[in-house]
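Engineer: One structure follows; several queries about it will come next.
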Amino acid sequence: MSRVSSILLTPVVATLLLWTVARPGQAPSSFEWVDVIIETSTPLAAWQVRVTSPGVRIVGVEAGEAPFDEAPAYDPVALRDREEIIIASFDTGTGLVSGRVRVARLHVRVSGAPSWSGELMVAADDEGCPIDASLLLERGTP
């Protein structure tokens, strides 16, 4: 690594380290992800989910598996010091799937022990008709 690169990266690394270090009276924080999974026996075309967890800051939203391999829609303001986010997506193509589908991944900053809560607000087929489905939230760490 060149001297210039080293000089430029040092403040960035120091800032990231200080950001994750606990302050007095504050729980240590770490970065994790939560996979948002919908299970259904009917091909899934559209969905909307609310995810909440006190003590967690949502810092990013990532796409899921095909056909939901583009990041879902969400309000970017929800990423500002919020513990809740509503995400949604739809696909009316021919590659719709049923079974266990990872529709999104949330990247989070966790302080303490999170308690995840999720609500499947909408699950629909390619004609917009509601379908039976269930929501799973699976926590992961790097």
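Heads up, the final residue of the sequence shown is numbered 143 in my numbering, and it's a clean run with no missing numbers. Even glycine gets a Cβ: it sits at the ideal position worked out from N, Cα and C.
1. Out of T43, E33 and P29, state which residue places its alpha-carbon closest to the alpha-carbon of P129.
2. Identify whether L97 lies in helix, strand or coil by the three-state DSSP scheme.
3. Given a cut-off of 8 Å, decide if E85 and R51 are closer than it, judged by their beta-carbon atoms.
4. Pop quiz: T167 and A134 are said to be a contact at Cβ under 8 Å. What is the actual Cβ separation, rounded to whole angstroms?
5. Helix, strand or coil: which one does DSSP assign to A125?
6. With the cut-off set at 8 Å, would you say V35 and W117 are in Cβ contact?
7. How big is the Cα-Cα spacing for S31 and P55?
8. Is the beta carbon of G141 less than 8 Å from the beta carbon of E33?
Structural biologist: Answer, in terms of the structure:
1. The question names Pro, but residue 129 is Gly in the sequence shown. Its Cα nearest to that of G129, the residue T43 stands out among T43, E33 and P29.
2. Residue state, collapsed to three classes: coil.
3. Yes, Cβ-Cβ distance for R51 and E85 is below 8 Å.
4. Nothing about residue 167 can be reported from this structure: the residues present for the chain run from 2 to 143 only.
5. Residue state for A125 is assigned as strand, using DSSP reduced to three classes.
6. When the beta-carbon positions are compared, V35 and W117 come within less than 8 Å of each other.
7. Those two C-alpha atoms are separated by around 14 Å.
8. Yes, they are a contact pair.
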